[in-house]
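Chemist:
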Amino acid sequence: MTDISQNGSTPRKHGETLMKLTARTKRRNAAERRFQAYGIAAIAAGLLMLAILVVNIVGNGYGAFTQTFVTLDVTLDAAKLDKKGQRNLDDIKKVSTFGYAPLIQKAIEAKVAALGVKTDLKPKDMAALLSKGAPAQLRDYVLEHPDAIGKTLSFRFLANSRVDGYLKGRVTRHSIENDKNISVPQLDLTDQLVKAGVIEKTFNSEFILGSDASDQRPEAAGIGTSMLGSLFMMLVVLALSLPIGVAASIFLEEFAPKAWWTDVIEVNISNLAAVPSIVFGILGLAVFINYMNQPMSAPLVGGLVLTLMTLPTIIISTRAALKAVPPSIRDAALGVGASKMQAVFHHVLPLAAPGILTGTIIGLAQALGETAPLLLIGMVGFIASNPPDSLAAGLMEPNSAMPAQIYEWAKRADPAFYERAWGGIIILLVFLVTMNTLAVILRRRFERRW
Amino acid sequence: MPTFWLVVFVFALAALGFLAGRARALHSAGGNARDLHSLPNYYGANVLLTTLVPALLVLGLWLMIQPSVVQYRVSGMIPEQAIPENSTLGLVMMDVHQVAAGLDLAVDEGALTEQEAGTIRTEFTDLRARLGELGVALGSDVRPEVLQAAQRYRAIDASGHRNMVIVVTLLALAGLGFSWQHTNKDFRARNVVEQGIYALLVLAALLAILTTIGIVLSMFFESISFFKLHSWTDFFFGGTWAPNFRGDSELSILPLLWGTLYISFIALLVAVPVGLFAAVYLSEYANGHVRAFAKPLLEILAGIPTIVYGLFALLTVGPALVSVFGNGPEGLLGVDWMSGATSVLTAGLVMGIMLIPFVSSLSDDIINAVPQTMRDGSLGLGATKSETVRQVVLPAALPGIVGAILLAASRAIGETMIVVMGAGAIAKFSLNPLESMTTITTRIVSQLTGDTDFASAETLVAFALGITLFVLTLGLNVLALYIVRKYREQYE
Amino acid sequence: MYDIATTEKTVEQQVTKISARDVQVYYGESHAIKDVNVDIEDKTVTAFIGPSGCGKSTFLRCLNRMNDTIDICKVKGEILLDGENIYDPKVDPVQLRAKVGMVFQKPNPFPKSIYDNIAYGPRIHGLARNKAELDEIVEKSLRRGAIWNEVKDRLDAPGTGLSGGQQQRLCIARAIATEPEVLLMDEPCSALDPIATAQVEELIDELRQNYSVVIVTHSMQQAARVSQKTAFFHLGNLVEFGETGQIFTNPEDPRTESYITGRIG
Amino acid sequence: MYDIATTEKTVEQQVTKISARDVQVYYGESHAIKDVNVDIEDKTVTAFIGPSGCGKSTFLRCLNRMNDTIDICKVKGEILLDGENIYDPKVDPVQLRAKVGMVFQKPNPFPKSIYDNIAYGPRIHGLARNKAELDEIVEKSLRRGAIWNEVKDRLDAPGTGLSGGQQQRLCIARAIATEPEVLLMDEPCSALDPIATAQVEELIDELRQNYSVVIVTHSMQQAARVSQKTAFFHLGNLVEFGETGQIFTNPEDPRTESYITGRIG
Amino acid sequence: AAARDQVQIAGSSTVLPYASIVAEAFGENFDFPTPVVESGGSSAGLKRFCEGVGENTIDIANASRRIKDKEIKTCAENGVTDIIEVRIGYDGIVFASDINGNKFEFTPADWYKALSDKVVVDGKIVDNPNTTWKDVNPAFPAQPIQAFVPGTKHGTREVFEDKVILAGCEATGDFDAFKAANGDDKKAAEKACIALRTDGKSVDIDGDYTETLARIGSNKDGIGVFGLAFYENNTDKLQVATMSGVVPSTETIASGEYPVSRPLQFYIKKAHIGVIPGLKEFAEFFVSDEIAGPDGPLAAYGLVSDPELAKTQEAVADEVVMGGNM
Ligand SMILES: Nc1ncnc2c1ncn2[C@@H]1O[C@H](COP(=O)(O)OP(=O)(O)OP(=O)(O)O)[C@@H](O)[C@H]1O
Ligand SMILES: Nc1ncnc2c1ncn2[C@@H]1O[C@H](COP(=O)(O)OP(=O)(O)OP(=O)(O)O)[C@@H](O)[C@H]1O
Ligand SMILES: [Mg+2]
Ligand SMILES: [Mg+2]
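Residue numbers (the numbering used here), protein chains in the order written: chain A, 1 to 450; chain B, 451 to 942; chain C, 943 to 1207; chain D, 1208 to 1472; chain E, 1473 to 1798.
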């Protein structure tokens, strides 16, 4: 045997004190501290960015959660609404929203007069303080309650977005100099009406529950329906991509023979992750709508497209997680007579669960925020449908999705939509955080180092 | 029996089969489960699957095929002259559907009896009005041929449905009977059930192939048309990307490819170190509470809609960079290297932020799975924690980490909104990260959503770009697979 | 010896439990087991001894096809369990492993509770009709594994939090809980103290009443104490196989002798 | 005994390398080591014996603060290395572990080549000036670990592809490659065959010329063969500590006696 | 299965706001469900329009340009033969800059000189040397040139090139110089005229006007190209420049005084009329005076209403298809 000679190149002396760090240790510890500092810096940087983004989002969007309303007493003039006077629904229907506008003008004129407010405005300009949707609101009410015709009732109308912006400080007397939609006298009137309590700003549940409105009435737009659209899509995505993704990963990682065709599948899947999302839209349009005759603009199709898009993410993370489970665990299970299938499902999968859930969280987050593929299957645009009343309707009837809705709003001309876009983002994030929290709780139950 | 109840019935039968199969197996072993080849539940599952799978398969197929069959048979009935000029059979059939659906609804609501629905005549009733009352809107008045066809449609549909119920029920019963019959203590139930599950796993994996085929096919023909309109040499080897409304554009992928690679590279330059360090810190240093909060918080970054990042790039990051690198003497550095807010750097930085969780969360899981004994071995030799991480833990976790980075890179290549708002729309070759550039993906989106003629090279180029990108990333992935195979370190 | 092809199964059962015929094992290119022929008898303890790296574990893993899980590992030749070739395509390795249990060289408890570690096998094989029976099996196995006293108060604690020796005994208990016909033990006592070792040896002796046990050990004393038959491996060859007493007192092969007397390694 | 506070360092060095004072270890609630006082001398082999689960590994891991890595593990009391409390906040565990090397109970080679497994320690401690020196250290360590002949042709093969005993020797070689002053070995020979065991024991004896070695073992024979001092642990207590000869022939404590004669476990 | 019962529309995002205003009002006033209006660009809209007839194809395509012959051919190949073209009005295109910045009174020649890649200086074709607006026109302030023009995917870009840059090119006489340089090739000369500089002075905006607005917000020197409607909704942030002395407004555009505008239209599949409930009603409603007239909501929003609206109404009522006399 070789002798243990002292002749080695030991720069370290025997019996050196521990209380003083050697130069080398100092250097290594400095490296250690640097390394740790990088870690902290990395996390801090990430969290800081998140904080900036969230502050940004909330700062821009919280305004969408309040809205200005105008309360007026409207006389539902029978002479205008039901000329024949037979309360025949068909006759009443013949009066379009344009026919209701004068009623509102009269009502606000009366209100202004009753309050004794001095203004030179014409009734039409006074009524411009109200949302352009006000006549429709009246008409809907009348169609539902034909016997109300002839009565005078109190209605709460949305105020015009300019008035709303004025109350929120977005619109000022100075900023509207060239604006042909609102004038200084109108703002003066607004001030008076606010003082009189006719105009007030309150919490806006319609924004959270309602559906989209056209470009000329941003005040009426809500994100509720598209939230349902997103919800149904996420249900489809979760129900399909998680089981399919996990199954595919299990096959590839645990069962697949080492052969060229499994390599092909493997490379294929990582490659699918790099396919731009809009291409999945092209695919969805070609396969689901044109070939399989699924309806256009339907969350079902959207969910299917997003499923295909999320699958690679889930598969890649699941495979990585499966790979990380030590082989001795599989041996142990096989050794007591478990089948490979049992070993995988009883032991490997639970150990890989945190990684699978991480993939699911990230995949779903991505799917939830994705717009581009929806563009091609008709879920982006103006889709102001009513909230679906059943699961089937939720899946099959035209709907939009939150990111698509936000994207649309962000494009629109009226700055009031800008605020709503950010408000929508807040809701989207709340939705996302709720979804993630569930998964994170589940993930923490599986996490353990062995 | 409505389809829903049929499904419920089949499931109920399957559940019953489960219990019966279990019981029979136990019975055959004289009540002693240990004499069975497999666990009793496997026998149950076997019966359950044989009851369920064929029946549901046939049900699904039937539901898919029946409409076409009915369609075919009904459309055969519609006389040539019943098709209005300039309309097509398909459109008439759509009308027929609508009327048939209306009749169905009317029967459901009790507005018509089944009898009436079958015999009603347009000559005597204003069907459009009656259906309108029920909320079924029709495009035009119902013509007699259409109504007849609709009635016929309903009749055939109903009989088809009846047959389906019978067939599916029989099939379920047969499956149940067959597998129940075969249940005995020597039957290898577990193997059969596992083979079934195995088949499902293979199917799931093959879906990826199907998707790929779908993607390639959905872009292939359009790409061919593109290359018929535009020279392939310009596309692959040209130097300029300048689409033009009048046609006659220069459409070369190279400047776009350069932009794609450059922007993705910068994004990864941000995301990979930050993400990896974050992952290492979370899994090796942070205590449980920090980890429990920081990780999910970082994951939110992946879920913020990209339009927010786009605006963030345009309104916050871009101007900030300009104030550093631009503005001449007034700028922070007193230089004038950057003129607009949009640049490769702007987009890269912001995209990097978005990608952090892709790297950090996935890597954290992988690192966490490296066995503690590995760390012990290294620490026991007097290594510091960081040395342990760098030289033992990370190499052991390499395949997973490469996967995570690939995923992030893939996202970077596929991202649009951030590039559009952060990097601009100009395609050019330049090494300067402070200039605007653009990527293949954004060009795909913008050419597809533009106002140009859809049959022109300017629009079709999107498909060619898509397919080329697909091939390129495929190459990258093959390379990555090769690298991982080569450097893979398997613990235990 | 006898001719396998003509051997009647019923005759075999009494005598030979497992017989290996011309077994070759390759790890990729390297030839780890060369041409091994051996008959392992029922109701007998067979010890495999030999220097480290000689292929004891490898051969042991062939006996219940655990080598299937190593991609690069190729097995040739025949191994008959009760006269049936276990490498026959018709044989289900799962069923085989339920009959031929295994304790690994490195303890590998599941990252689950101690109770679940033991109960896992009986559960998948349906050995217990109800919770009470399962509890009983778990207790019995832990007792036989000589670890019951140490863990009886913390059956819910994770199996991975035990000391090395405790983990090893847990793995032994886990293997016998499924009541295999043959038990393969790869150095089961290497991490055990003398008392625990004595208990495990006692267990092995007990198991011998009904089952066949194969044990890999580095301790000649142990081999001498527990086994009736001993096989000596060297560089992948089965050098000698015979009565334990004879091998230790009067080895035929010079290599065996030098190993036993401590001259080759 | 002496008063730690006033002890001169130079005086100590000759005699006591490590001394533990009132050491308590807790795993969460459970009290794994109770009030242990022990002096480990330089240039001596000290053996820890005791039944499985008595806390030998736990105490051993205290000596180079490997227990720091277990979150729930809390250590109280003082452990002095050359008169310096290693649990002093000023002490860097990294520097400590370079001095106090460790071989673990379960072999844990890195998923790297055999060469890199050995070179790892010398590299991080900067023990080699160049490749040639490093090669030399690797070869020397592998030789001393009694595994050189088996692996010299495949230094580039992964360390994880070795047999159990080979892995353990690789880990021993890895530990001595960094030339620690104290070497802690947790059952280093449990997976080794007699010849390898003898080689390792020889190595231990050799190391004793310059270093202090602490070895956990289940084999009384081994303890008797290699150690000069023996500590007997039982249920977390250090029951007896003294000259090996005396402990084995004439134990003071009845528990020691019954363990050695095989009555408690 | 129930057939589709709502009108499905897709196409130009310029037409989208108008279409959505009409769709909303249509849903409120009729028993038919609110039509679905998708965005995605004229090209994508027409493409889907021409995919065939039937339930799974859209009924109406919005376009900010007229359908091309090649597209009509593709349509016909897929069985979409009778197409009704409906012009809904005009989209004015304006130049606007930050409200607090300098005021501009442009002519097309100014824009040409500011943005063209090559210009003629002293008879020679050189790279555009102008860096500030003062270089372009001594009457302007010395504000750096920074223009945000629509990307080549936008229909607006075509109008911008035709009616501003090319007009400017011809007005300055550079067109002739290019023509001469290119061997009398008119096409090549046109191409040379409309090639915009790529040195960052002219920035293509592929997004929407909101993006242009945001860019002006982050670069106060910027001058952007907007739709009239967009400008009118953002008068608090933008000031509009005159073109050849005319202030853009619905009136000046309708009268033809303001030169830069383009027609907006939609296309209906005649075959779907009578099948898709409410299709014809929607089309008629869209072009009715109440909606598309000068006092209707569309004009209020910024659409320049078509002086020939009555003719369009008639054509829709009679379902007059393109190219035929049906
Ligand atoms: N990580 C841990 N968490 C909780 N308890 C532990 C942990 N490690 C060891 N223990 C417990 O501490 C006690 C002492 O364990 P230790 O590993 O020191 O025993 P040992 O003397 O080395 O035994 P063996 O000879 O079997 O290796 C045992 O009861 C064990 O179950
Ligand atoms: N997974 C593997 N891949 C490649 N070679 C292997 C593998 N496992 C073992 N070997 C090699 O096969 C030979 C036999 O190994 P085996 O584990 O059977 O030895 P052993 O007799 O059990 O030794 P020990 O007593 O040290 O456990 C050794 O040379 C070993 O290096
Ligand atoms: Mg072995
Ligand atoms: Mg121990």
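Every residue, glycine too, gets a C-beta built ideally from N, C-alpha and C.
From a predicted model like this one, the values you see are computed outputs, not experimental measurements.
What residues in the stretch 1244–1265 of chain D have a beta carbon less than 9 Å from any beta carbon of chain C?
Modeler: Ile1256, Gly1257, Pro1258, Ser1259, Gly1260, Cys1261, Gly1262, Lys1263, Ser1264 and Thr1265
Chemist: Name, going along the chain, the residues of the stretch 557–583 of chain B whose beta-carbon falls closer than 9 Å to a beta-carbon of chain E.
Modeler: Gly582
Chemist: Under 8 Å, CB to CB, which of the residues in the stretch 1320–1335 of chain D have a partner in chain C?
Modeler: none
Chemist: Using 8 Å for Cβ pairs, my map puts Ser810/B next to Leu748/B. What's the rounded Cβ distance?
Modeler: Their Cβ separation, rounded to whole angstroms, is 6 Å, which keeps Ser810/B and Leu748/B in contact under 8 Å.
Chemist: Quick one: grab the DSSP three-state call for Phe461/B.
Modeler: In the structure shown, Phe461/B sits in a helix (DSSP, three-state: H, G or I).
Chemist: Which residues count as close to ligand 5 when the rule is a CB under 7 Å from any of its heavy atoms, in chain order?
Modeler: Among the ligands in the structure shown, ligand 5 does not appear; only ligand 1, ligand 2, ligand 3 and ligand 4 can be found there.
Chemist: Using a Cβ cut-off of 7 Å, pull out every chain A residue sitting near Phe808/B, in sequence order please.
Modeler: Ordered by position in chain A, the residues that pass the 7 Å Cβ test against Phe808/B are Ile362.
Chemist: Would you identify the three-state DSSP class for Trp682/B, choosing helix, strand or coil?
Modeler: helix
Chemist: Indicate the three-state DSSP secondary structure (helix, strand or coil) for Gln1480/E in the structure shown.
Modeler: strand
Chemist: Listing by chain order, which chain B residues have their CB less than 8 Å from the CB of Asp1034/C?
Modeler: Arg638 and Asn641
Chemist: Short of 6 Å in beta carbon distance, which residues of its chain neighbour Gly456/A, apart from the five on each side in sequence? Order them along the chain.
Modeler: Since the first residue shown for chain A is 1 and the last is 450, residue 456/A is missing from the structure and cannot be characterised.
Chemist: Who are the Cβ neighbours of Val1608/E in its own chain at under 6 Å, not counting the five residues just before and after it?
Modeler: Asp1582, Lys1585, Ala1586 and Asn1602
Chemist: Please state the DSSP three-state secondary structure of Ser1569/E.
Modeler: Strand at Ser1569/E.
Chemist: Would Ala1789/E count as contacting chain B if we go by Cβ distances under 8 Å?
Modeler: no
Chemist: Between the C-alpha atoms of Gly1679/E and Val460/B, what's the straight-line distance to the nearest angstrom?
Modeler: One alpha carbon belongs to Gly1679/E, the other to Val460/B, and they sit about 53 Å apart.
Chemist: Does the Cβ of Pro11/A have 16 or more other Cβ atoms within 10 Å, making it buried, or fewer, making it exposed?
Modeler: With a pLDDT of only 43 at Pro11/A, under 50, the local geometry of the prediction cannot be trusted, and the value read off the model is given with reservation. Looking at its Cβ environment, which holds fewer than 16 other Cβ atoms inside 10 Å, Pro11/A is exposed.
Chemist: Check whether chain A comes within 8 Å of Ile1411/D, counting only Cβ atoms and requiring the distance to be less than that.
Modeler: no
Chemist: Can you find a heavy atom of ligand 2 that lies under 7 Å from the Cβ of Ile1012/C?
Modeler: yes
Chemist: For Ser1370/D, name the three-state secondary structure that DSSP assigns.
Modeler: coil
Chemist: For a contact meaning CB atoms closer than 7 Å, what does Asp814/B contact in chain D?
Modeler: Within chain D, no residue comes near Asp814/B; the closest Cβ sits about 17 Å away, beyond 7 Å.
Chemist: Report yes if the CB atom of Ala1643/E is closer than 8 Å to the CB atom of Asp1589/E, and no otherwise.
Modeler: no
Chemist: Does the Cβ of Ser1237/D lie closer than 7 Å to at least one heavy atom of ligand 1?
Modeler: yes
Chemist: Put Tyr492/B into one of helix, strand or coil per three-state DSSP.
Modeler: helix
Chemist: Which two residues bound the contiguous beta strand (DSSP E) that contains Met296/A?
Modeler: Membership of Met296/A in any beta strand (DSSP E) is not indicated, and neither H nor E is assigned to it by DSSP.
Chemist: Leaving out five residues on either side along the sequence, give the residues of the same chain with a beta carbon under 6 Å from the beta carbon of Gly864/B.
Modeler: Thr891
Chemist: State the Cα-Cα distance for the pair Ile476/A and Val720/B, rounded to the nearest angstrom.
Modeler: Since the first residue of chain A shown is 1 and the last is 450, residue 476/A is not available in this structure.
Chemist: Since Lys1048/C meets chain D, which of its residues come closer than 8 Å, beta carbon to beta carbon?
Modeler: The answer, in chain order, is Lys1313, Pro1314 and Gly1371.
Chemist: Which class does Pro1196/C belong to by DSSP, given the choice of helix, strand or coil?
Modeler: DSSP places Pro1196/C in helix when its eight states are reduced to three.
Chemist: Against chain A, with Cβ distances strictly below 8 Å, would Ala1482/E count as a contact?
Modeler: yes
Chemist: Output yes if chain B places a C-beta closer than 8 Å to the C-beta of Ser1588/E; else output no.
Modeler: no
Chemist: Going by CA-CA distance only, name the one from Asp981/C, Leu1076/C, Gly995/C and Glu1143/C that's closest to Ile975/C.
Modeler: Gly995/C
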